[in-house]
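Participant: The structure under discussion is supplied below as structure tokens; questions concerning it will follow.
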Amino acid sequence: MEFLTANELSILRWVHILAMVYWLGGEWGVFQTSYNVTNRNLSLDERKRHMETAYRIDILARTGIVLLLPLGLHMGKLYGFVPVLEGAGIWWMWLFFAVWLAMTWTAFLKRETDLGITITMLEEKLRYPLILALFVVAFLAFQDSGPIVAGEGSRWYPSKMALYAFALCIGLFLRLVMRRWTARFRVLAQGPNAAEEAALEREIGQARIAAYIYWITIASVCFLGAVKPF
């Protein structure tokens, strides 16, 4: 226990880096797998196997993106940026994100069921107020008010928070596309359907464009955390 207390910040930073790696690497894996999901030259069973692979890769990315925020807030508390988390606040914060992570994994494990789709949609709705809160808190920090204390030399912290919120926005769209995979493949299992195939290709085409913006955003979040330029 003494070791954990003495090295709390370093351990959090290490896990934070791991979460970022799984987030970025996982999104790349899903991106590449999506080409086979939409490949009409493959059998439907083969395409579904690639879709299953994409889901199994994506759960690591989803886990990483969920963990990044509480890890960042915990480190922010240690830096003195988030005094509101002092005392019991840090435990309530971790409890909230533990519930969020449990929802994410339940949605993954039950992804082929109506329950899984329902939980996925609920988890997506949870992100809307969270995204809004992150943008508002980041904005207030630049006005030298609100729960985040970030003055000269520490503006990178609310900037990183705002970029993370923007990444969540992109992630919502990408989650929507993947959720629709399950529904569309249910229709395709009943027989060839040109309209569903066209919709699948159109949505994944849009998701690939979003993915490029996603990677640039993730890289920017990494840069701010590593360099702390302002």
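Here the numbering used here is used: the first residue of the sequence shown is 10, the next is one more, and so on.
Just so it is clear, CB atoms sit at the ideal spot from N, CA and C, and this is done for glycine as well.
(1) In terms of alpha-carbon separation, which member of G38, G125, A70, I213 lies closest to T115?
(2) Nearest by alpha-carbon distance to T133: which of R195, V158, R184 is it?
(3) Can you give the Cα-Cα distance for L141 and A192, rounded to whole angstroms?
(4) If you draw a straight line from the C-alpha of D123 to the C-alpha of F117, how long is it?
(5) Is L51 helix, strand or coil by DSSP?
(6) Where does E161 sit, in a helix, a strand or coil, going by DSSP?
(7) Looking only at its own chain, which residues have a Cβ that is under 7 Å from the Cβ of D67, when we skip the five neighbours before and after it?
(8) How many angstroms separate the CA atom of M10 from the CA atom of L21?
(9) Quick check: what's the CA-CA separation for G162 versus A216?
Facilitator: On the basis of the coordinates in this document:
(1) One-based indexing of the sequence shown puts residue 115 at position 106. T115 has its Cα closest to that of G125, out of G38, G125, A70, I213.
(2) For the purposes of this step, residue 133 is identified with residue 124 of the sequence shown, where counting begins at 1. Sequence check: residue 133 is Glu here, not Thr. The option with the nearest alpha carbon to E133 is R184.
(3) Taking the sequence shown and counting its residues from 1, the one referred to as residue 141 is at position 132. Taking the sequence shown and counting its residues from 1, the one referred to as residue 192 is at position 183. Cα-Cα distance, rounded: 29 Å.
(4) As a first step, residue 123 must be located in the sequence shown, where it is residue number 114. As a first step, residue 117 must be located in the sequence shown, where it is residue number 108. In a straight line, the C-alpha of D123 is about 12 Å away from that of F117.
(5) As a working note, residue 51 is residue 42 in the sequence shown. Correct three-state label for L51: coil.
(6) Counted from its first residue, the sequence shown places residue 161 at position 152. Of the three classes helix, strand and coil, the one that applies to E161 here is coil, per DSSP.
(7) Position 58 of the sequence shown, counted from the first residue, corresponds to residue 67. Sequence-distant Cβ neighbours of D67 in its own chain, meaning closer than 7 Å and more than five residues away, are G35, V39, M187.
(8) On the sequence shown, residue 10 is found 1 positions in, with the first residue counted as 1. On the sequence shown, residue 21 is found 12 positions in, with the first residue counted as 1. As the crow flies, the alpha-carbon of M10 is around 15 Å from that of L21.
(9) Translated into positions along the sequence shown, residue 162 becomes position 153. Translated into positions along the sequence shown, residue 216 becomes position 207. So the alpha carbons of these two residues sit roughly 36 Å apart.
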